[in-house]
Structures are given as C-alpha cells and as structure tokens.
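Colleague: Heads up: the sequence lines are chains A, B, C, D, E and F, in that order.
Residues 32 to 283 in my numbering are what the first sequence spells out, letter by letter.
Residues 32 to 283 in my numbering are what the second sequence spells out, letter by letter.
Residues 32 to 283 in my numbering are what the third sequence spells out, letter by letter.
Residues 32 to 283 in my numbering are what the fourth sequence spells out, letter by letter.
Residues 32 to 283 in my numbering are what the fifth sequence spells out, letter by letter.
Residues 32 to 283 in my numbering are what the sixth sequence spells out, letter by letter.
Think of the CB as a built atom: it goes at the ideal place given N, C-alpha and C, for glycine as much as any other residue.
Source: prediction; values computed, not measured.
There are 6 protein chains.
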Amino acid sequence: MSKIAVINPNMSAGFTKKVGDQAKKIVAPNTDIIALNPQFGPDSIEGYYDEAFASVGLLSVIRDLEAAPEQAVDPIGGYVVACFDDTGVDAARCLSSAPVLGLCEAALRMAAAVSSRFAIVTPMAVSVRPLEHLVAKYGAASQCVVRSAGVRTLDFEGANASAAYEALKKQAELCLTDDHAEAIVLGCAGMTDIADRLADELGVPIIDGVSAAVKMIEAMAMLGLRTSKAGAYANPPMKAYHGMFAGFAPQA
Amino acid sequence: MSKIAVINPNMSAGFTKKVGDQAKKIVAPNTDIIALNPQFGPDSIEGYYDEAFASVGLLSVIRDLEAAPEQAVDPIGGYVVACFDDTGVDAARCLSSAPVLGLCEAALRMAAAVSSRFAIVTPMAVSVRPLEHLVAKYGAASQCVVRSAGVRTLDFEGANASAAYEALKKQAELCLTDDHAEAIVLGCAGMTDIADRLADELGVPIIDGVSAAVKMIEAMAMLGLRTSKAGAYANPPMKAYHGMFAGFAPQA
Amino acid sequence: MSKIAVINPNMSAGFTKKVGDQAKKIVAPNTDIIALNPQFGPDSIEGYYDEAFASVGLLSVIRDLEAAPEQAVDPIGGYVVACFDDTGVDAARCLSSAPVLGLCEAALRMAAAVSSRFAIVTPMAVSVRPLEHLVAKYGAASQCVVRSAGVRTLDFEGANASAAYEALKKQAELCLTDDHAEAIVLGCAGMTDIADRLADELGVPIIDGVSAAVKMIEAMAMLGLRTSKAGAYANPPMKAYHGMFAGFAPQA
Amino acid sequence: MSKIAVINPNMSAGFTKKVGDQAKKIVAPNTDIIALNPQFGPDSIEGYYDEAFASVGLLSVIRDLEAAPEQAVDPIGGYVVACFDDTGVDAARCLSSAPVLGLCEAALRMAAAVSSRFAIVTPMAVSVRPLEHLVAKYGAASQCVVRSAGVRTLDFEGANASAAYEALKKQAELCLTDDHAEAIVLGCAGMTDIADRLADELGVPIIDGVSAAVKMIEAMAMLGLRTSKAGAYANPPMKAYHGMFAGFAPQA
Amino acid sequence: MSKIAVINPNMSAGFTKKVGDQAKKIVAPNTDIIALNPQFGPDSIEGYYDEAFASVGLLSVIRDLEAAPEQAVDPIGGYVVACFDDTGVDAARCLSSAPVLGLCEAALRMAAAVSSRFAIVTPMAVSVRPLEHLVAKYGAASQCVVRSAGVRTLDFEGANASAAYEALKKQAELCLTDDHAEAIVLGCAGMTDIADRLADELGVPIIDGVSAAVKMIEAMAMLGLRTSKAGAYANPPMKAYHGMFAGFAPQA
Amino acid sequence: MSKIAVINPNMSAGFTKKVGDQAKKIVAPNTDIIALNPQFGPDSIEGYYDEAFASVGLLSVIRDLEAAPEQAVDPIGGYVVACFDDTGVDAARCLSSAPVLGLCEAALRMAAAVSSRFAIVTPMAVSVRPLEHLVAKYGAASQCVVRSAGVRTLDFEGANASAAYEALKKQAELCLTDDHAEAIVLGCAGMTDIADRLADELGVPIIDGVSAAVKMIEAMAMLGLRTSKAGAYANPPMKAYHGMFAGFAPQA
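(1) Using the rule of at least 16 other Cβ atoms within 10 Å of the residue's Cβ for burial, across every protein chain shown, is residue 269(B) buried or exposed?
(2) Using alpha carbons as the reference points, say which of 280(B), 81(B), 154(B) and 55(B) lies closest to residue 277(C).
(3) Check whether chain E comes within 8 Å of residue 285(A), counting only Cβ atoms and requiring the distance to be less than that.
(4) For residue 148(B), go through chain E and note every residue whose CB falls closer than 7 Å to its CB, in chain order.
(5) Can you tell me whether residue 193(E) is buried or exposed, with buried defined as 16 or more other CB within 10 angstroms of its CB?
(6) Run down chain C in chain order and give the residues with a C-beta less than 8 Å from the C-beta of residue 242(D).
(7) Of all the options 204(E), 113(E), 59(E) and 46(E), which has the alpha carbon lying nearest to the alpha carbon of residue 254(F)?
(8) Verify the CB distance criterion: does residue 193(C) have a CB-CB separation below 8 Å to chain F?
(9) For residue 151(D), list the residues DSSP reports as bridge partners.
(10) Tell whether a beta-carbon distance below 8 Å holds between residue 136(B) and residue 117(B).
(11) Quick one: what does DSSP say residue 73(E) is sitting in, helix, strand or coil?
(12) With residue 147(C) and residue 262(D) assumed to form a contact (beta carbons below 8 Å), what rounded beta-carbon distance in angstroms separates them?
(13) Using a Cβ-Cβ cut-off of less than 9 Å, list which residues of the stretch 116–137 of chain E approach chain F; keep chain order.
(14) Using a Cβ-Cβ cutoff of less than 8 Å, which residues in the same chain neighbour residue 132(B) once the five nearest sequence positions on both sides are dropped?
(15) List the residues of chain A that residue 211(F) touches, going by C-beta distances under 9 Å, in chain order.
(16) So, is the C-beta of residue 250(B) closer than 8 Å to a C-beta in chain D?
(17) Mind listing the chain F neighbours of residue 167(A)? Cutoff is C-beta to C-beta under 8 Å, in chain order.
(18) Among 46(F), 65(F), 35(F) and 40(F), which residue has its Cα nearest to the Cα of residue 89(F)?
(19) Name, please, each residue of chain C whose Cβ falls closer than 9 Å to the Cβ of residue 26(D).
(20) So residue 229(B) is in the alpha helix (DSSP H); what residue range does that whole segment cover?
(21) Applying a beta-carbon distance threshold of less than 9 Å, which residues of chain B neighbour residue 178(A)?
(22) Helix, strand or coil: how does DSSP classify residue 256(E) here?
(23) Grouping DSSP H, G and I as helix and E and B as strand, with all else coil, what is residue 246(B)?
(24) In chain order, what residues of the same chain have a beta carbon less than 7 Å from the beta carbon of residue 29(A), not counting five sequence neighbours either side?
(25) Measuring only the C-alpha atoms, how far is residue 45(D) from residue 94(F)?
(26) Rounded to whole angstroms, what is the Cα-Cα separation between residue 106(E) and residue 151(D)?
(27) So which residues of chain F does residue 231(D) contact, with C-beta pairs closer than 8 Å?
(28) Considering only C-alpha positions, which residue in the set 139(C), 124(C) and 217(C) is nearest to residue 187(C)?
(29) Is residue 91(D) helix, strand or coil by DSSP?
(30) Name the chain F residues whose beta carbon is nearer than 8 Å to that of residue 257(E)?
(31) Let me check understanding here. Comparing Cα to Cα, which of 84(F), 179(F), 70(F) and 64(F) lies closest to residue 281(D)?
(32) Can you tell me the Cα-Cα spacing of residue 10(C) and residue 35(A), whole angstroms?
(33) Output needed for residue 124(D): all residues of its chain with C-beta closer than 7 Å, excluding positions within five of it in sequence on either side, in chain order.
(34) Hey, quick one: how far does the beta strand (DSSP E) through residue 34(F) stretch, first residue to last?
(35) So which of 140(E), 184(E) and 156(E) has the shortest CA-CA distance to residue 170(F)?
(36) Over the uninterrupted alpha helix (DSSP H) stretch that includes residue 139(F), give me the two end residues.
Shown next as structure tokens:
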C-alpha cells in the first residue's frame, strides 16, 4: 500500500542491493521498496567533495521517479537517502512533496529515544567534521560525539574486514568508557550485519541508519505526511539550466 | 506481532479511548494496541504541578504491565506516553527495557523532517514554558517556537469547541506569518480531527503527536530497539519505598 | 523574623535532621528553620525513577505547611528542596508564593560567583546525566562539568565512608587537573563535613548545596521576594484528582 | 560580624549614599556596610567607554581597602560592585580573595529563582547590547530579554522623574505582554523606590540589583566563601606598572 | 603579485562581469583578478536545489584552474565564491590548497567588526532558512537576523529595479528599528551600487559581500595562508567517478 | 593612501617596535603604519587585572590620535589593538568611527576560513578563561579550544626562549592529536618568527594575530568601512570625568 524509494547516492550497485535487501526485510508486508542509485558519480562518499557530486546523482534519480508514469497511479510515499552524510537531503526536499530522510537524521532520532547520550562511530577521519555539523544541525550536539575508526568504507568487505571491525569496535568501546555514551550509532550505511554483532558484544543499543531511516519514513508515509512547501523546501523557482545540467531545470 | 501500550497519564477515560482508537487506526494490521490510564491522579495535565502526579500514575500502569503474566509470552514492544508534556518519560525509561516515547519528542522529529522551521500551538499559556524546555531538551530551540491559544483543553469539546478551534487556528496563522513556521505541531493530545481540518485550511503539514508517537514507537519496536541500560536509564537501584508508594520500590 | 522550610524529599529521617542542623547553624539568629520529610516515598534519590516519587512527597509536605493555621500569623518565607537533583522544584513553585530553591541551582550560582569554571562531583553515575540537564537548564553548560565517584550515597556513612571519601576526592582532583575546574560543587546533599575536609585538602572553594540554598533563600525571603504567578509558576488550575491523589486537587 | 563593601564605580556621591542606605536597610543587624566610590572617573556609566574608566576607579577602591590596617583585624567579607553593567567584576576578583558580585549577576540569579522567564529594563539604548552580553555570559540568554526606556539615568531624579518612570513602566509592560516575561529586573542601580512602585502597579516580582547583590554577597560572606585563586581569578602576576598607574602594580 | 579567482557559480555572464569589475576596482594595483563562471548549470541560485547544481559548476572551474599550466609559474592565491549562499565552499576547500571564501562568511566577519548586531537582507524568502543555517555555522546566530524583501534577484535590474530597491530598503529599515541591527549585510551578490545608495539613505554601514570577500581573500593570499589539509578539507581520497562526472575523479 | 594605527596597549617599547615592523612588512606599499603604546600602564597583559589598566592606556592613544591636527588632512583608516586579549576593543569602537580590530577576532576569522577546527595556544594558564570568553563572544566555541603552555610571555625572549618554544609546540601538537585541530592560532602578540618555525615543523596553518589583524583592518580601511554609531558603539554621551581621568570626558 505504501511505496518507499531507497536511494543510494553513490554508484556502488552492490551497496544499493545491500541496503535494498535490508529495507525489504524490515518493512511491513504491503510496503514496496525501490532501491536505486544514480547513473553517474562517485563509487563512495567520503567527505565534502564526493558529497557535491553525489547530491546531483541523488536528484537525478528523484527527478526520474517523480516524472515516471506510475507516479500517477501509485506514487512514492517517501524517500530514504541511503548515505550517512545526508547528502543532498535539503535539495531533495525541494524536488518532491513526499518526505525525504537521511540516515543520520533518522539514526539520531532513534538513538535519542533509547539513550540520553550516544556516539557516532564512522570509518574515516575526513567524515568527522561533516558529521559534527549534521549533529549540530539536528540539535544533538550536547549529547552526541563523533569518533572515527581510521579505516575506509570498503575495508569492511574482503580481506581487511576483520581488522576494520576491530578498529570500529575499539572506538565504540572508547565512546562507552570515555565519552559515557549509552548507545552507538553506526556512521556509515550498509552495516547491518556489523550492528548485530556489535550489539551482542557491547551490550548497548546499536543504531543502524538504514533501518532507522526506512522504518521512520515508512511511518511518515503511512501517516500521509508531506514536505511543507511553505518555506525553505518550496519547489525551486522556474529558471533555465544549461549544458550537462539542462535537463534539471525546474519547471513551472 | 508487535504490541504497543499507549498510556494516557491522566484519568480521562474518554480521552484514553480517543487516543486508543486513533492508534488502532494507524498501526499495521498485526500491531496490537493497549490503551490505558492510571487509577489515580488528575483529570488533565496543565503545567508542572499536574505533571508531578501524572508521572506516578504513568509509572503505576507501566509497572503493572511489566509484571503481568502475558509479558512472558507476548511482551510489550514499546510505550507511548500520550501527553504532549512528555510527562514522566525519563522515569518510565528506567522502568522498562522497551522504548518509551512522548508525543512532543515524536512530533518534533517528524516536524523537522518535513519543514525547516515549525511551531507548537498549545491550548493554555501555562504550558508554554514547560514546552519550551522540552523543545530545548530535544535540540529544536533554533527552529521551533511555542504559542498558546488561551483556551483550556476541555474547551475543544462541547459548546466552546468552535471558539476554541478558531483561537487555535488564529495562533497557528500567526506562526506562519510572523514566526515563518512551515509546519504546525498540535501541542496537545487527542486532536486528530482538528489536525485534519487545520491542514485543509492552512495548507501546511499539521503534526498530531499521538499519530507521530504511535507510528515511531511501532517502527522502533519492529526494529527490536531497546532502551539502553548503560547510563541515565539504568534500572533504578534497589531500595525501600514507604507509605502509599511502598509498592513502587525497585526490585533487585 | 523569617521562617524557612527545608524539605528533604526522601524519607531518611537521619538525613533530614542532618540538613536541618546544618541549616540552623548558618542562618541568622532570628531565622526559624523547619526541617521535614514526606510520610511516604523512597529512602534516597538516585536517578529519574526515584525523583518521580519524591516529587509527590515534597509536594505533600508543602501542601500541609501552606494549609497549616500558623501560616496566617507566621508564614513561611521560603522553601529549600534539600536534594541535589532539584526534585520537584518547578511543581513546588506552582504550589506556593514563597520562593523555592533546590540545592543544585543555589550551588551553581555561588560557584559561578567565586570561579570561572567549576565541576560537580556526585556519588553515582546514574545521576550524571540528570545533573547535566540541570546544569544546562541553569545556563552553566559552558563552565561546569559533572563527574561521578562510583559510590552510593549511603557509602559516605559507616564502614565504607573512608573509601567513599577517597573516591570522591580522586574525581575532584581530576576535575581540577583535567577539566581545569577552579571550584568543586558537591553533587549530593548532607556533605557539609566532607566539604570542609575537601576544601582543606584541595585548596579550592568547595560548595555545599545545603549551605548555598539555605543562605540564598534566606536572603530572598528577607527581601520579600515571591514567586511570580504570571506564567509557568501560576497556581495550578482547579480540577479533580482521584484515588490516592484525591487530596492533592488544586483548589480555586 | 560580617563586613560588606558596596562600591559605586562612578563618582556620584549622592548615588553612593543612596545604595549604601539601601544596603544598610536590608542586611542583618550585625553586618557592617561600607559604601564608597572612587576619587576619579565618570559621573555615571553608560556604555563600554565609561566602563573602561570606572573599572580602574573600582580597582583603586578595592586596592585601598585591601591594604588598610583594619583588614588585619576585621577583614571585608565581600564586595558588591554597585553598577548594573558589572563593571570590572572579573578584574576585581583577581585583586581580593573576598567574593565580588555585580548587580546584574545577582539580579539574574534571583529572577531565575522566582520566574521562568524575565526581562531587564534599562534606561539607555546604548546599554542594551552590553547587557545582552552579560545575560549570555551568565547563561540566561534563553530566558531573558533586554529592553531600554530611552531615557538617561539622571532623568529619574528631578523634573523628568515622572516621565522617565512612565517610559520605564511602558517598556516593562511590553516585556510582560509581548516577551512573556514573568518578572522584571531593573537594569540600573539605585532604583529601589521605583522597584516598589512598579511591583505594586504591575503585580509581578521586580528585582532590584542592589538588594539582590547585597543580600547574596552577605550570604556568601557568612558561609566563608572565597574567590578561587586556581585559575582565571588568580592574583595578578607581579610586574611593573608605569606613569599614573604605577601604584597599581601587582605585588609578589 | 597576487592572483585572485572570483568564481560566480551560476551561468549569468553579465553577473560574472559585474563582480569581476567590482573586484578589480577594490584590489591593490598588483593583484590580478580572474572572473569566471561554469559552462553548465543554473542562471541564478535561489535555494537548496539550485545550490546543488551550482556547486558542481564551481568545482569544475576550480579544477580547470588548478590544472592549468600557468599554475606552475603564477599560482592562484585565493578563491572567492561569488554567491551569498557560500555554495560549494566546503567542497572547494578540499580541491585546492589556496584559501576559499564565500560572500556570506566574509560579510559576516566584517559586519561583526563594525557593529554589535546586524542583519542580512536577501531578495527571496526561500533563501532565508539556508542563510540562517550559514549564520549559525559561522557562529553569528546571537547577533544576526535574516529578512527577505520578497523580490527576485533579477528584479534589481530593468523595469522592476526601483520597486525592488524600495522593498529591500523597507526591510533594512525594519532591521534597524525592530531588530535593533546596527549594520546591514546585503544577502546577494552584485549589489555594490545598491550598497552605496543604501548607506547614504540609512546612515549605517552596509556590507557588500563581493567587496568583503575579495578584500579578505586578498589579505589572506598576501599572508600566504593556505587551507589546512589535516582534517575536513583534506584532498579527497582517490576513487573512481563515472558517467558525466568521470572527469572529476580525485587523483592520487 | 591608507593609514593604519597599530596600538600596543602595554608599555613594552620593544614589543611595540616588533609589531610595527611586522605590520610594515605585510601591508601594501602605500599603506602607512603608525605603531604606538600608551605612556602609562603595565609592561605586559596577563589576565583580567592587567587588561583593566591597559584598556585606559589604549583609549589614551586613540584619543590623542583622533584629536591630532593631521586627522583633518590624513585621517586614520583603522586601528589594530595589538593584544590577543582584544583589550578595550569595545570601548575603542565607541571613540572613533574608524574600524577597530583586536588580534583574537582577526585570527579566529582567518583560522575559520582555512580549517574547520582550530586551537589557540597561549603562554599562561591565567589567560585561558578570558580567551575562552572571547572565543564564545566571536561565535567559535564549537570549533576552537584553548590550551596554555605554562610559560610567561617574556620567556620567549632570552635564555628561556628555547624551552618556551618547546612547551608551546608540545601543546600545539596535543591540539592536533587530541583536539583534532587542523590549524593553530598563536594566542599572543609578537610571535611572527615562532609562527613560521611552527608552520614548518607541524605542517598545518599557523595564524599570527598581528598579521591577521593588520591585513584585515587594511582591507576594511580600503573599503571605507566605518564603525556603526547606531547602537552599542555610539559615541559616548557627554558627561563630566574627574581626577586623573578628567581629560577623558566625552565631548558633545
């Protein structure tokens, strides 16, 4: 009865499948999941530079979905931006009336509901400061710290997976002992399996952003909530776009 | 498959039925809703004084539910505190491992996902400051204002209902024009019907706390999220309670 | 000429006597001290759960004092809530026109007047987060940290007293060296003797909440200051209360 | 038994007498009040420029009092800086071990204890921004606004007194109605008589800074509280001063 | 001796020339100004959606400049992003070691140096919330408000120019009278002529972002300041980019 | 064409020469630098007490410069207060229409433009808290920490210079590793030589306050920016000053 689009803003098809599968596993039986990624852009998102390009990719997917014929009969009820940097979420909210949610926003909301202080553990150091800006934007600066494990996202697959897991776990433990966190938010998409293992080993709630965002947007979609068009998320005013972005010009 | 307890901390049975009915209407088919209120306490909650008594009533209901035999076979997956003041939520989180959510917290989270600035409109002036404290606690102080309509909760039923609605609508309009709010949060439980009418008339998202909290706790329950026992929400340390509160003493 | 009620919200009569004695020692000769505790509730207050019950106990004592015949001829000029969690202070302010002050609020005010950065050291870890919320509510978040000694309140008496003191002192020393605190606030009531010893050994101001609150409320009472009834602390609106709380219903 | 020095940092002898008289009226019978002003500097303090000069005057008075022979036998237990801008308070705390309190700090503390939201009404517009900085420094920015009456301090005496009072009252009323203040702080020293009249006419608590500071410092002095010398308020390091400030060089 | 690149992230060549001319007029004689805009993207930037596309255009210009042969002999000393939304500034800082400055950041810094409270007046309402986020990011939330004139950027040229100016001036006047601003920041690029006229008519400092940013980056360039590569602005980690963004892949 | 006055508020002539020489080295060829210090006051500024006296010295120099006959033909375009505590800057802004800038403000602005997180390293511990207040005042509290090296300013010259440098460098390294700073601000004037050496050894931007302030005020002077006289920095209202400050009375 409800249709949720989970959009991975980077081009890793394996990752898109992973988050799509995870989404399908947790939604209600009558909720449809569409998992997509852009046709252009970076393979992963690590820092401000990658974000700039992935944002456009994200918008391209949403534009196409909104323009598709099936929107008329079976419209999308909500979008998840399947990236923990909440890449392009504000712009995406201008492009659709369906609610849009990033992983970080949703994860922080659920973490705040099950703990009074929590921490984000993210792979790369370069993401710490962008995530701290998100934490501040979402009003959680007084109860959330951000630590990095010093590994790359891809290290969690393949030969380095075990070492990457241990590096992440060590930082999570420091969050509990030194930062007095009571719950851990995984600051990266596609870590559901890690979430379960970490929860077992650490004995505190571990929040996975994909799960949090998919369930929260599903809840909002079922309530019929729509993005406000009365202010910052109004449809973009009509104007000309040129060159390779000509197809993105806002329509009247 | 999931069981959600919606607890009205005041003693108005009519109100309990109302929020229970609303909850049942919006949850998934296999989600059970239990709607209860305490056996003692105030008829409504208007300000800090009423809150103190309603908190104990809330805890009495949770205590009984947690101790009931059916917990062993079909445990409660989450609690909604059906009061916009989030009365007793912190204490309730100490008493159960199931997640606990108040209306204000849930409504602010959904409002922030569909608008960049929003407002709470609440009936009585005496609630403004307690709600502002909640807004600050939930990290939304820079994007949310609180206004009161100058009417009492009960005015929304019976002879004064029309005047009460107009007073509320007038404040909501001021939020849009003067405070640049893009969405309105109804700062009182049991206003679903008002929410729909106001959304039609104002053309912006109207967030009803009961709907927001029930759907968000349902989402969290389905994910199996539990309240952290590692810090502020640890089970209360065992000790003696006396007099009329003897039965509330925390057990080992 | 002035009458101050010092109310211990928990049921430890020994503690009530202790804070009453301490209060009598520091007030002006013509200030009367009444030290009381509720007839029901917990033996001590450690975290949100205990607070909920102790708040009602506190209100029961204030209600009885306000209704006593001697109020007409020799009214109470101010109330001290003798608990460092400032349990029930907001609700108590609604119940009386005499000013009400908790230990934490008073201690933070005096600490800020004799140091530019300070720390609260409290016995149990479970109190850290509630105290941090108070610190934020009182506007001291940028200059005050909270540490816990990992002991229980009762450990400061009897066989464990010496070890408890050393644990507390160790955390206080860390506040000075690592947090650059310039003064220490004792985050628990009834620690006057510890305050003196710690001041001698650490050489910085040690603020005892009971002393701070009793002297500050005495000052306010002498100035004739009364709680404002124009907003959040207005007398609770009249309504019915039921069951074991029937006697607490607000009167017209 | 206690000796309090009330120092007016400007040179108005009439004002010094006024605050001294007010102080004597409200302290305990065995508290001595010394009221002094510098031998040089401005006649009143209106804005940052006047403050710079008045600070040095303030320090000159404290220096002389600290060096006086009677300090050995009957030391000063606390200083009040009788100016609402809290002129020179931080520097004064470096010069003495006795606690030092400005009018603004004390008034905000008492206002916060009797209301949840309050306002400062000050004569001149030029003082608004310096006072807002103080409000932020004292952590009250979320609950206190500042308004000015558009009159000069001296207007409250002589032919303009009535018009000045009306201008002040009008702003105080706007604080109550538009800013939802529940109490009013008089943002200027020497307004005790106005405080009483305004309290009668507005029906909310009116906080006079002189009264608040004198009683709070008396309370701190009686508790034996001393300014911490462990950090920002350490005695100034020894060094040479030259020219007309040679006599102010910090001693070893 | 110094070379500054002023990059207009939108495609209006007229606007690019305008800001380039303005920049040339205010820099030192031996400072070279390069004024450029992207070869693709929107014609103007109004809100989050346009920003996402303009960011990529901005990065394309910087990439080409950094790769140009003349960098080896006469490197660019600093970049100005000639847009008041500071579009893409964080990503641009990852792409070059030369400092990068947006109009909003520079204008707020200069406004704070000549006034204690100021306001941004921007054409469209849709920009208010993004600008408020920038104001908060730059730490000026307590001293800066944002108002919009309700006109579009292009209205300032052609037939509507006079009405647009009057609308802007009216909001600027409200900032002075109602928000107590002491200076006005023009929240849009390319308004130098308006700045001069407004300064004359209002009698307070008017800050033009282009002028502020060009002079501040020139100052930084002359000091040899470089963007730190130790954290959030590190060069983007090497990875593959695909499709129309293939040419933007970060190199080792 | 532009004339900048660099005023050292303390009486060290050697230091005045040093900052003057540094200023001359970095300004444009046609910018005149006047470097002066007061004729009275302390030899250095370490903490709140010294600041109070140095502020008056600073104002005496500005007063004389503003009254000098050459102002009529070749007015000063901007003032730098060559002290990292920004001593007296607010008062100085009331005394002149030319913009006034302290070292801390300018250094923080440039640090924020080249890094997302930075740190101030200052010689003495007594300066940490005053600098933290400045950091908060300038809105950088969420991105800037302050550490002290535990040495005195004068230690950087003569026999202790090497040890002082090492102590400072050690703290700067802790800022990078433990506080995740990406750039270092030298929290003391007259450290240009140290800045260069530290930049070489640490590989991150090192911001020297003198350089930052001189270049930024030069930029503002060239733009013709003047301090707003519409609010907190209005010319001080006319009044009598007495005794040794008689010559500082504000004129009509």
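Modeller: Reading from the atomic positions:
(1) exposed
(2) 81(B)
(3) Any answer about residue 285(A) is impossible in this case: the structure gives chain A only from 32 up to 283.
(4) 160
(5) exposed
(6) Chain-order list of chain C residues neighbouring residue 242(D): 254, by C-beta distance under 8 Å.
(7) The residue from 204(E), 113(E), 59(E) and 46(E) with its alpha-carbon nearest to that of residue 254(F) is 59(E).
(8) No, no contact with chain F.
(9) DSSP output for residue 151(D) lists 177(D) and 216(D) as bridge partner(s).
(10) yes
(11) Of the three classes helix, strand and coil, the one that applies to residue 73(E) here is strand, per DSSP.
(12) 6 Å
(13) Residues of the stretch 116–137 of chain E with a C-beta less than 9 Å from any C-beta of chain F: 121, 124, 130, 131, 132, 136 and 137, listed in chain order.
(14) Excluding five sequence positions before and after residue 132(B), the CB atoms of its chain that fall closer than 8 Å to its own CB belong to 109, 110, 111, 112, 120, 244, 247, 248 and 251, given in chain order.
(15) Within chain A, the residues near residue 211(F) are 156, 159 and 160.
(16) no
(17) Neighbours of residue 167(A) in chain F, taken as residues at a C-beta separation under 8 Å, are given in chain order as 173.
(18) When each option's Cα is compared against that of residue 89(F), the closest is 40(F).
(19) Examination of residue 26(D) is not possible in this model, given that chain D is present from 32 through 283 alone.
(20) 223–233
(21) Residues of chain B passing the Cβ test: none, with the nearest at roughly 17 Å.
(22) coil
(23) helix
(24) For residue 29(A) there is no data in the structure shown, the boundaries of chain A being 32 and 283.
(25) 30 Å
(26) 55 Å
(27) Simply none; closest approach about 31 Å.
(28) 217(C)
(29) helix
(30) 145 and 236
(31) 84(F)
(32) Residue 10(C) is absent from the model: chain C starts at 32 and stops at 283.
(33) 131, 258 and 264
(34) 33–38
(35) 140(E)
(36) 134–145
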